[in-house]
Amino acid sequence: MSTSSRFSVAVHVLALMASAEGEPVKSEHVAHSVNTNPVVIRRILCALARAGLVVSQTGAAGGSRLARPPADITLREVYRAVEPQDVFSLHRQPPNRKCPVGMNIGLVLEDVLRDVDAAIDDVLAGITVDGVLESLKPCARSARKRRR
Numbered sequence: 000m001s002t003s004s005r006f007s008v009a010v011h012v013l014a015l016m017a018s019a020e021g022e023p024v025k026s027e028h029v030a031h032s033v034n035t036n037p038v039v040i041r042r043i044l045c046a047l048a049r050a051g052l053v054v055s056q057t058g059a060a061g062g063s064r065l066a067r068p069p070a071d072i073t074l075r076e077v078y079r080a081v082e083p084q085d086v087f088s089l090h091r092q093p094p095n096r097k098c099p100v101g102m103n104i105g106l107v108l109e110d111v112l113r114d115v116d117a118a119i120d121d122v123l124a125g126i127t128v129d130g131v132l133e134s135l136k137p138c139a140r141s142a143r144k145r146r147r
């Protein structure tokens, strides 16, 4: 049972692109900021491009940039672009049907997990890439002060 970091990396990528104000950003630069391999970034960029959130151009002046203004990209769109399934899922193997708990746990959890996913969707729908970028500004100012 592991969790994925694709969503947090994708938000990082989009916030970095938003801070570039329309200029293309190279995957190597993004990888350096995320502290990961450029191949990981390219995979994320492919998923974001399929969802219509970024566009890429090749060549010496190439790179990727946001396909829409950061205020028009919600974190729900980002999550759905990079995560193939809901946050939680039921057992991979069916529980023991002879056990009273195993026989019914799926029915109970389906409702709970549907509510959890809906709540997460609602929260993510209310946050944009622009909002993330705005939240980062005080952090950047604080970091500059610490370096002095």
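Under numbering that gives the first Met the number 0, the first residue of the sequence shown carries the number 0, and numbering increases by one thereafter.
Think of the CB as a built atom: it goes at the ideal place given N, C-alpha and C, for glycine as much as any other residue.
Source: prediction; values computed, not measured.
Between residue 14 and residue 128, how many whole angstroms is the CB-CB distance? I'm expecting something under 8 angstroms. 6 angstroms
Could you tell me whether the segment 48-62 touches the segment 72-80, using the rule of 3 or more Cβ pairs below 8 angstroms? yes
Opposite residue 73 in the DSSP bridges: which residues? 127
Nearest-angstrom Cα separation, counted from residue 109 out to residue 70: 33 angstroms
Sort out for me which residues DSSP pairs residue 56 with in a bridge. Residue pairing by DSSP places residue 56 opposite 62 in a beta bridge.
In angstroms, rounded to a whole number, what distance separates the CA positions of residue 38 and residue 133? Taking the straight line from one Cα to the other gives about 28 angstroms.
Spatially closest choice to residue 11 from 32, 23, 55, by CA coordinates: 32
Taking only the alpha-carbon atoms, compute the straight-line gap between residue 102 and residue 84 and give it to the nearest angstrom. 24 angstroms
Starting from the Cα of residue 42, find the closest Cα among 34, 5, 66, 58 and give me that residue. 5
With hydrogens ignored, establish whether the beta-carbon of residue 99 is closer than 7 angstroms to any heavy atom of the ligand NAD. The model on display carries no ligand, and the ligand NAD is accordingly not part of it.
Give me whichever residues DSSP pairs with residue 24 in a beta bridge. 63
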